[in-house]
Amino acid sequence: MSRALMLWLERHGLPPWLAPSYAVMVAVAGLLGSAAFFWLVRRDRGDVGVEGRALLWGYGAALLGGYAFEALRAVPEALARGAWGPVLHAGRAAYGGLLAGVAVAGLVLRRRGAPVLPFLDRLVPGLGIT
Numbered sequence: 001m002s003r004a005l006m007l008w009l010e011r012h013g014l015p016p017w018l019a020p021s022y023a024v025m026v027a028v029a030g031l032l033g034s035a036a037f038f039w040l041v042r043r044d045r046g047d048v049g050v051e052g053r054a055l056l057w058g059y060g061a062a063l064l065g066g067y068a069f070e071a072l073r074a075v076p077e078a079l080a081r082g083a084w085g086p087v088l089h090a091g092r093a094a095y096g097g098l099l100a101g102v103a104v105a106g107l108v109l110r111r112r113g114a115p116v117l118p119f120l121d122r123l124v125p126g127l128g129i130t
């Protein structure tokens, strides 16, 4: 958390644990984005169960896809070094997560016979929040 916030808390006699960590902010953003998404699903009279399942699978795929994308980008370096280190310690890419998440959510929806484009329209505000 920013040093300015920590100093402000200290100056006002507040404990430093009140400053949210990155993980807490990611969790809060995820919850707010999901709430916005489900509000839009209900407003549009969509199937909450099917679209919620697609959102959940898409979120998991986004996490894995972000790592997989960067791991694949590290393969040439790993081959050049003759070691697995670059692949095993690769970061996470937002665009890899976006591609994997949208693809898997789309597959879940198609499998259930649900339309994909309205789902994607309802997903956009939540992605903006997160």
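For what it's worth, the numbering used here labels the leading residue of the sequence shown as 1, then goes sequentially.
The beta-carbon is built from N, C-alpha and C at its ideal position, and this holds for glycine as well.
Nearest-angstrom beta carbon gap, residue j and residue i [assumed within contact, 8 angstroms]
i	j	result
A66	A93	The residue you asked about is not Ala; residue 66 is Gly in the sequence shown. Right, their Cβ atoms sit about 5 angstroms apart.
V50	A114	5 angstroms
V116	R110	7 angstroms
M6	A23	That pair is no contact at about 17 angstroms.
V102	A54	In fact, because the Cβ distance is near 10 angstroms, the residues do not count as touching under 8 angstroms.
T130	G33	4 angstroms
Length of the line joining the Cα atoms of residue i and residue j
i	j	result
R122	G91	29 angstroms
L79	G96	21 angstroms
L99	M25	23 angstroms
W84	L64	18 angstroms
H89	G128	28 angstroms
G13	R3	15 angstroms
G52	G106	12 angstroms
Backbone secondary structure at residue i - three-state DSSP
i	result
S34	helix
P15	coil
P76	helix
D121	helix
G126	helix
G49	helix
Proximity to residue i [Cα-Cα], best of the options
i	options	result
P118	L40, M25 and W8	L40
V124	R45, L72, A27 and A35	A35
Ignoring anything shorter than 4 residues or poking outside the segment 53-117, list the alpha helix (DSSP H) runs there in chain order.
Qualifying alpha helix (DSSP H) stretches, in chain order: 85-88 and 94-112.
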